[in-house]
Every structure is written in structure tokens, then in C-alpha cells.
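Numbering (this note's numbering), first residue to last: 984 to 1201. Step one of this worksheet: look at the structure below.
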């Protein structure tokens, strides 16, 4: 059993881990908007619970136990988002804050039932992988839309930035997961793209938008 604060630290460490699984203490402080002494104190506490490898002046790293616990918190969050969208009719831009509250419920049975009712989904409404009940996660390999070229036909597989504002923007352009689009042209000056999908015959997407959309080539 962990406190809400401890769970938020674990989740942040998990999401910030680089290829080596390491996180700079200062970066964690900025991410959570919490002062360094407070962060350091929490890292010592988590280290005492064998959740984090902590050494003064060295990067932080989740232990295997810590990685699993963090993944299980993320599992609860993403299952909740999926349930809200699939079973309750919420939009994908409406679910994050609710899931932030739900992820701290301490009832594995509750989320196991939610998983069952959803048919054991592998990905959440934004295309992010949902860890299984043992904390294992399927990592899919996608390309950024910005990396594609004129003439490519792609399918939207995931969204990198899931801020409500960005998701509302995608809604306004009728862009959603599973959508197929063809790249008509790429602007050499700013790498913006003109794409064709459904009723949108010449939709202009900025480079920023293209960077945040992950796709599969068809």
C-alpha cells in the first residue's frame, strides 16, 4: 500500500525513464513542480521501500519492484480511460482527470473486472499500451507522421501529447485512432503537411501536430 504522493512519484519516474531507465533528480523536481529537498526526501523514502535506486548526486532508477508498481498504477489509469470512452461514452479529451483520481483506488479486483468487461484491451483510447496485471507492457513500434513522405498512406495509431487542448484540436479536424490518410505534400520550409482523409481532401497539418501523431504505414 502506497500513499497518493508515492504513487505519483513512481508514475513520473516510469514515464520519464530514458533508454537507460535513469532520471535526473532536477528533471523530476521540475516535472512535478516540487522543490528539490522534498523530492530528495521522497527518493530516500522510496529507496527504503526498495522501489528506487538512490545515490546522492547520481541519476535515479526504478528497481524491478518499483517498475512493476509504477506500471500497475499506469494500468489502472489507462483501463479507466478506456472504460470511460468505451462503456460510458466520454470523449478521449475528457477522461484524463477522472483517471488521475481513479488510479489511486486500491482494489486489483475492481480493475480486473474492468479489464474483463472491456475484453482485455492492449491499448488505451490514445493508443498507449495498457500494462497487464503483472506490469508487463506491449511496446508497439510506430513512426511519427512528421517522418513520413509525400505519397505515403498511413493509419493513425497513437497520440504522443494527450492534452485536452490537443485532443480537441484533433476532434475539430475529425482525426482519430484508426484513421487512414494519404500525404499529398510536405512543405520544405516548415515541414507542414497537406493530407487527404475521408471528406478532408486537402487538410493542412503543422509540423507540431505531425510530431505528435504516431502512425503505421500501410
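Glycine is no exception: its CB is placed at the ideal position from the N, C-alpha and C atoms.
Inter-residue spacing [alpha-carbon to alpha-carbon] between residue 1027 and residue 1112
If you number the chain shown from 1, residue 1027 lands on position 44. If you number the chain shown from 1, residue 1112 lands on position 129. Their Cα atoms are separated by approximately 30 Å.
Rank 1107, 1187 and 1043 by C-alpha distance to the C-alpha of residue 1070 and give the top, closest one.
Your numbering for residue 1070 matches position 87 in the chain shown. Minimum Cα distance to residue 1070 is reached at 1107.
By DSSP's criteria, residue 1179 is part of a beta bridge. Which residues make up the other side?
Within the chain shown, residue 1179 is the residue found at index 196, counting from 1. 1165, per the DSSP bridge assignment.
Whether residue 1136 touches residue 1160 by CB criterion (7 Å)
The count along the chain shown starts at 1 and reaches residue 1136 at position 153. The count along the chain shown starts at 1 and reaches residue 1160 at position 177. No, these two residues do not count as a Cβ contact at 7 Å.
What whole-angstrom Cβ distance do residue 1128 and residue 1196 have, given they're in contact under 8 Å?
For this step, residue 1128 is matched to residue 145 along the chain shown. For this step, residue 1196 is matched to residue 213 along the chain shown. With a Cβ gap of about 4 Å, residue 1128 and residue 1196 count as contacting.
Apply the 10 Å Cβ neighbour rule to residue 1067 and answer buried if 16 or more other Cβ atoms are within range, or exposed otherwise.
Taking the chain shown and counting its residues from 1, the one referred to as residue 1067 is at position 84. Classification for residue 1067: buried.
Does the contact criterion of 3 or more C-beta pairs under 8 Å hold for the stretch 1055-1067 versus the stretch 1091-1101?
yes
DSSP state of residue 1060, grouped into three classes?
Along the chain shown, one-based indexing puts residue 1060 at 77. The answer is helix: DSSP assigns residue 1060 an H, G or I state.
Beta-carbon within less than 7 Å of residue 1109's beta-carbon, same chain only, minus the 5 sequence neighbours each way: which residues are those?
Residue mapping note: residue 1109 aligns to position 126 of the chain shown, counting from 1. Around residue 1109: 1075, 1141, 1142 and 1145.
Does the stretch 1082-1089 come within contact of the stretch 1002-1019, defined as at least 3 CB pairs closer than 8 Å?
no
In terms of alpha-carbon separation, which member of 1183, 1180 and 1173 lies closest to residue 1190?
As a first step, residue 1190 is located in the chain shown; it is residue number 207 there, counting from the start. Nearest C-alpha to residue 1190: 1173.
Relative to the C-alpha of residue 1004, which residue among 1132, 1153, 1042 and 1133 is closest?
Translated into the one-based positions of the chain shown, residue 1004 becomes position 21. For residue 1004, the nearest C-alpha among the options comes from 1042.
Quick one: does residue 1144 have its CB under 7 Å from some CB of chain D?
No chain D is present in this structure, which holds just one protein chain.
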